[in-house]
Amino acid sequence: MSEWPLPVDPEALGVYVHVPFCRRRCDYCAFATYVDRDHLMADYVGALRRELAAALDAGRLQPARAVYVGGGTPSRLAAEELASVLAAIPRQPGAEVSVECNPEDVTPARLAVYRQAGVTRVSLGAQAVAPHVLASLGRHHRFEEVVAAAEALREAGLASWNLDLIFGAAAETDRDWVRALEAALELEPPHVSAYALTVEPGTPLAADPTRHPDDDVQARRYRVADAILSAAGYRWEEISNWAMPGHHCLYNNITWWGGDYLGFGAAAHSHRGRARWWNVRRPERYIALVGAGAPVVAGSETLTEAQRAFETLSLSLRTPRGVPAAALPPSEELAGLVEWADGRAVLTVAGRLLASDVSLRVQIPGSGAPVR
Amino acid sequence: MTSAAPPGPVATERIRNFSIISHVDHGKSTLSDRILELTGAVDPRLMREQFLDSMDLERERGITIKAQNVRVRYRDYVLHLIDTPGHVDFGYEVSRSLAACEGAVLLVDASQGIQAQTLANCYQAMEHNLEIVAVLNKIDLPAADPERCAAEIEQVLGIPREEVLRISAKTGEGVEALLDAVVARIPPPVGDPEAALRALIFDSAYDQYRGVVSSVRVVDGTIRAGERLLFMQAGGVYEAEELGVRTPEARPVEALGPGEVGYLIAGIKDVGSARSGETVTSAQRPATEALPGYRDPKPMVFCGLYPMDGDRLPELRDALDRLKLNDASFTYEPESSHALGFGFRCGFLGLLHMEIVRERLEREFDLSLVATAPSVAYRVWLTDGTALDIDNPTDLPDQSRIERIEEPMLAATILTPAEHTGTVMELCQRRRGELQKMEYLSPERVELAYRIPLAEVVVDFFDQLKSRTKGYASLDYEPAGYEAANLVRVEILINHVPVDAFSTIVHRSQAEAYGRRMAERLRQMIPRQLFDVPIQAAIGGRIIARETVKAKRKDVLAKCYGGDVTRKRKLLERQKEGKKRMKSIGRVEVPQEAFISALRMDEG
Ligand SMILES: Nc1nc2c(ncn2[C@@H]2O[C@H](COP(=O)(O)OP(=O)(O)OP(=O)(O)O)[C@@H](O)[C@H]2O)c(=O)[nH]1
Ligand code: SF4
Ligand SMILES: [Mg+2]
């Protein structure tokens, strides 16, 4: 049995690579991604390799314990090109390497190249099962493609993989959601992410209030998800994430325990100690700056100790590690939302749904006191 | 320019002091315009309609709020005229103006005839023993009926119809004849130029650079620039830095003699030192007795005023002090509300007055204010036989100590075209009014006198009256004591804790409607908490309405990777800041804006 919650390793470094290309935009999506710039892909890959090489040369990039290629849709890049980017990232032995894929791209041939390139984990964007729910989300694949992709993933013998689901679409009923979970579990994903549909400003979803999710409905669906997944042997590793033992995502855990990670590519964010910085958002700008040997950083921020402590605590609160009990002492209003044991305060299922509100009650300990 | 200020005091027999009074909109300010033109007081290029309505608020609303005095020369005479407001809420401005005059020009719109404030203001002028020059205005209107109106004036006010002048303030017709009548009929002021100085401050305003600027009417003696002056009530001694007359622009003069009206600047920064009603005398040779001064009117409507931004409380206090100088008829004293923080309990002469004061504070002093629901002052008799006047429902003592509650009453006069009598009576009946008198002023017009609770008039009574009579009825009222009534205090409780800003005293018959309205409104405004929050309206311990703000079930951000981490931290930081500004009512956290919007909705 693997340890749970995963122990914090403050030394572990994560590397993130952003791939800002999608075939079509989903109605709820506010990510930095583009559907009309496929012609930039080759240059973009070149720029990524250059940015990575420059960071390595400058001593800013140490061997990573976990690599995550996200997007956008990384699987839209030719497999060899993605492999060439991974080759530019120094890795520790046994490093985790995750790649986000859309179901229609997951073919045995592509997976063979990925494995060769060191990919250990694929995250599959299924989102929903019933066609009317997929349509209500503005997603453009069929669940059959997910089934086929899962089949290919199992065949490929990857160490792990994840299935992404979204609940709370307007067209979805409680029954749809239960069936979606059941159908997903039939595919035996070692890891499941289930996200509450969120209305992001500026998206087609935001423009149509009739499609907005209801908080109470989402709260109910979340409880359903947690119950079904727990019964199937998954353990929650973060508010929207559940894993079979040993199948946690190390890269994500690094971000949740407030570890260091370096982001490469357009719009990628980096965290190192109290420093935060992020790259320019548009890919053509990113390509041009890298081409000119100019910095690609669009903005940066240095947190105060107190800000950092608050960030670390509020992130940790989202995980089964919780926070030191001293940072969240028992109180009447937190009853039922938090459980206190072994000097830790950990969210209950009800508390996970109200994590923002509970975070506001976290007390930042004096300097030197443990925050993790 | 014919109105150049003479070097020294003007002989009293050459002076005429008068106020122009009337019902709202009968044309006082327009007549003032014609007088300014006729006497060449204002450069024609600078002339504009209702020239003396200089406040933005007056121009926007088309009504006079502040009385304005101006000095013009007509033939060999110096005329001081005061243009007064006509609205019932500003009756106090009229009475102060009348105290500085020997005569009044009473305007009556020839298309409307006598209206409620025609009577009220005319009676005031009679009480001051002023010579009244009755004038029918707007004779240019096709609907004007000067014959009928003159007959009405004769019958109701006892002024012979032959003495009633006819003018059009719009075209200027008859205005010269009116000024001749003013000179001929209104007596010159009497006063001894050699006696000890006594001058009445009948208005004051605060100027950012010069301090207090007061309007004065000299009664006895002579006031001279540079002289040391004693302010008899406040007891301060100040030097007359500048003395002048308004023509209407301010022109410095060396001296003002008996009967003269002008302004005085004495470098006073402390607004308490030169209030209207104050008597100014010479510090060298003081008068023995002060002038009668003014009795400040009793406010009728009260509300709490709070700065939207609690840090600006000192600025609000300053603004109130300064405005008070210019408008002595409102009152204020500090109060605090759990929901709204620190502010002032303010008293006003009516709802329009309340609105105007609030708007002046916001505009002239750049403040944003929240007002609690208007209330009247109740007289509460306790079981020990003592009485308390309560203008804030939260001050109401425990029910067990209360013997009975009395509410303020009004003696209301309503003038209406005879055809609308029925609907007006119906309205008054519904508002718990009691008919005292009904009289036909003419076959077409009826005067109704009612005894009616002030609280019933405060809430949209006037609007109702106007809409039921196509705008033809007019209303005047004055306080008429107290009367016991079936009054209850309705409290609004959030999670079982009463919220002071929402408690109110209402007639039993209206309690439930108020309670339901407020509970429903707060349910919409209060953000969901971690637990169910009941919102109740209660009388004593009895719940009369109930709503529930359902517990919040979900607030969490679904995704938290990369850039989300920073986004989430910023969101939480903002929420933490917001939490600091929340008011806690027991365990419930409510943003102040929620209270404000709930109160705002009651204004609309
Ligand atoms: N036709 C016509 N209209 C007039 C005459 N005198 C005034 N008016 C109009 O009546 C309206 C009210 O005039 P004001 O001079 O503001 O009346 P007021 O008595 O000063 O009003 P308050 O100060 O609010 O009491 C304006 O629209 C004027 O133009 C007149 O002789 N003939
Ligand atoms: S696939 Fe993902 S990144 Fe692309 S548009 Fe859809 S949600 Fe956005
Ligand atoms: Mg006017």
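Line by line, the protein sequences give chains Z and H.
Heads up, the first sequence is in the working numbering, so the first residue is 1116 and it goes up one at a time.
Heads up, the second sequence is in the working numbering, so the first residue is 148 and it goes up one at a time.
Using N, Cα and C, we set each Cβ at its ideal position, and we do this for glycine too.
Listed by chain order, chain H residues near residue i by CB distance under 7 Å
{"i": "Z:D1331", "result": "R700"}
{"i": "Z:R1467", "result": "V703"}
{"i": "Z:I1354", "result": "V703"}
{"i": "Z:R1433", "result": "C707"}
Neighbourhood of residue i by C-beta distance below 8 Å, restricted to the same chain and skipping five residues each side
{"i": "H:L529", "result": "L535, P544, R548, I549, E550"}
{"i": "H:K285", "result": "H173, G174, D256, A257, S258, A291, S315, A316, K317"}
{"i": "Z:G1317", "result": "A1145"}
{"i": "Z:A1465", "result": "G1451, L1452"}
{"i": "Z:I1343", "result": "V1293, L1296, E1297, L1300"}
{"i": "H:V735", "result": "I641, N642, V644, I673, Q676, V680"}
Three-state secondary structure (DSSP) of residue i
{"i": "Z:Y1131", "result": "strand"}
{"i": "H:A391", "result": "Checking the sequence, you will find Gly at residue 391 of chain H rather than Ala. Note: H:G391 maps to strand in three-state DSSP."}
{"i": "H:K613", "result": "helix"}
{"i": "H:S351", "result": "strand"}
{"i": "H:R161", "result": "helix"}
{"i": "Z:G1348", "result": "coil"}
{"i": "H:I370", "result": "strand"}
{"i": "H:V198", "result": "Before going on, a small fix: residue 198 of chain H reads as Phe here, not Val. Here H:F198 sits in coil by DSSP."}
{"i": "H:P590", "result": "coil"}
{"i": "H:E736", "result": "strand"}
{"i": "H:P335", "result": "coil"}
{"i": "H:D412", "result": "The sequence as given places Ile at residue 412 of chain H; Asp does not occur at that position. Three-state DSSP puts H:I412 in a strand."}
{"i": "H:D222", "result": "In the sequence as displayed, the identity of residue 222 of chain H is Arg instead of Asp. If DSSP states are grouped into helix, strand and coil, H:R222 belongs with coil."}
{"i": "Z:D1375", "result": "strand"}
{"i": "H:E573", "result": "helix"}
{"i": "H:Y673", "result": "According to the sequence provided, residue 673 of chain H is Ile. The question's Tyr does not apply to it. Reduced to three states, the DSSP call for H:I673 is coil."}
Residue i: contacting residues in chain Z (beta-carbon distance under 8 Å)
{"i": "H:G710", "result": "A1382, H1384, W1393"}
{"i": "H:Q722", "result": "S1471, L1475"}
{"i": "H:K726", "result": "L1475"}
Heavy atom of ligand 5 within 7 Å of residue i beta-carbon
{"i": "Z:C1144", "result": "This structure simply doesn't include ligand 5; it includes ligand 1, ligand 2 and ligand 3 instead."}
Exposed unless 16 or more other CB atoms sit within 10 angstroms - verdict on residue i
{"i": "H:P213", "result": "One point to set straight first is that residue 213 of chain H is Lys, not Pro, in the sequence displayed. Buried, since its Cβ has 16 or more Cβ neighbours within 10 Å."}
{"i": "H:M585", "result": "exposed"}
{"i": "H:L562", "result": "buried"}
{"i": "H:V384", "result": "exposed"}
{"i": "H:Y221", "result": "buried"}
{"i": "H:R181", "result": "buried"}
{"i": "Z:V1412", "result": "exposed"}
{"i": "H:K697", "result": "exposed"}
{"i": "Z:H1247", "result": "exposed"}
{"i": "H:Y587", "result": "exposed"}
{"i": "H:P461", "result": "exposed"}
Contact set for residue i: own chain, Cβ-Cβ below 7 Å, skip 5 residues either direction
{"i": "Z:R1397", "result": "A1381"}
{"i": "Z:M1116", "result": "In this predicted model, Z:M1116 has a pLDDT of only 47, less than 50, meaning its place in the structure is not dependable; the value taken from the coordinates is given anyway. Cβ neighbours of Z:M1116 beyond the five flanking positions: P1360."}
{"i": "H:A352", "result": "V360, L472, N473"}
{"i": "H:A437", "result": "M379, Q380, T426"}
Residues of its chain near residue i, where Cβ-Cβ distance is below 6 Å and the 5 sequence neighbours each way are ignored
{"i": "Z:E1219", "result": "H1256, E1260"}
{"i": "Z:A1390", "result": "T1417"}
{"i": "Z:G1378", "result": "Y1131, H1384, S1385"}
{"i": "H:T560", "result": "A263, A596, D623"}
Proximal residues of chain H, C-beta to C-beta of residue i below 8 Å
{"i": "Z:T1370", "result": "C707, Y708, G709, V712"}
{"i": "Z:A1311", "result": "K701, V703, A705"}
Neighbour list for residue i in chain H, Cβ cutoff strictly below 9 Å
{"i": "Z:Y1401", "result": "Neighbours of Z:Y1401 on chain H: none; closest Cβ ~15 Å, over 9 Å."}
{"i": "Z:L1430", "result": "C707, V712, K715, R716"}
Listed by chain order, chain Z residues near residue i by CB distance under 7 Å
{"i": "H:R734", "result": "E1448"}
{"i": "H:L762", "result": "The structure shown does not extend to residue 762 of chain H, since chain H spans only 148 to 751, so no value can be given for it."}
Original post:
Would the region 1178–1193 of chain Z and the region 1424–1433 of chain Z be scored as touching if the rule is three or more Cβ pairs under 8 Å?
Top reply: With the cut-off at 8 Å, the region 1178–1193 of chain Z and the region 1424–1433 of chain Z do not touch.
Original post:
Would you call the region 426–433 of chain H and the region 357–376 of chain H touching, i.e. three or more CB-CB distances under 8 Å?
Top reply: Touching, yes.
Original post:
Between the region 419–428 of chain H and the region 222–236 of chain H, do at least 3 Cβ pairs fall closer than 8 Å?
Top reply: Counting Cβ pairs under 8 Å, fewer than three are found: no touch.
Original post:
Within the chosen definition, does the region 564–578 of chain H reach the region 266–284 of chain H through at least 3 CB pairs nearer than 8 Å?
Top reply: No: fewer than three Cβ pairs fall under 8 Å.
**OP:** Take every Cβ of the region 1121–1134 of chain Z, pair it with every Cβ of the region 1362–1380 of chain Z, and state whether three or more of those distances are shorter than 8 Å.
**Re:** Flag = yes, the region 1121–1134 of chain Z and the region 1362–1380 of chain Z touch.
Original post:
Pairing CB atoms from the region 227–247 of chain H with CB atoms from the region 597–604 of chain H, are three or more of them under 8 Å?
Top reply: Cβ pair count under 8 Å is below three, so no.
Original post:
Does the count of Cβ pairs from the region 681–701 of chain H and the region 1348–1358 of chain Z closer than 8 Å reach three?
Top reply: No, the region 681–701 of chain H does not touch the region 1348–1358 of chain Z.
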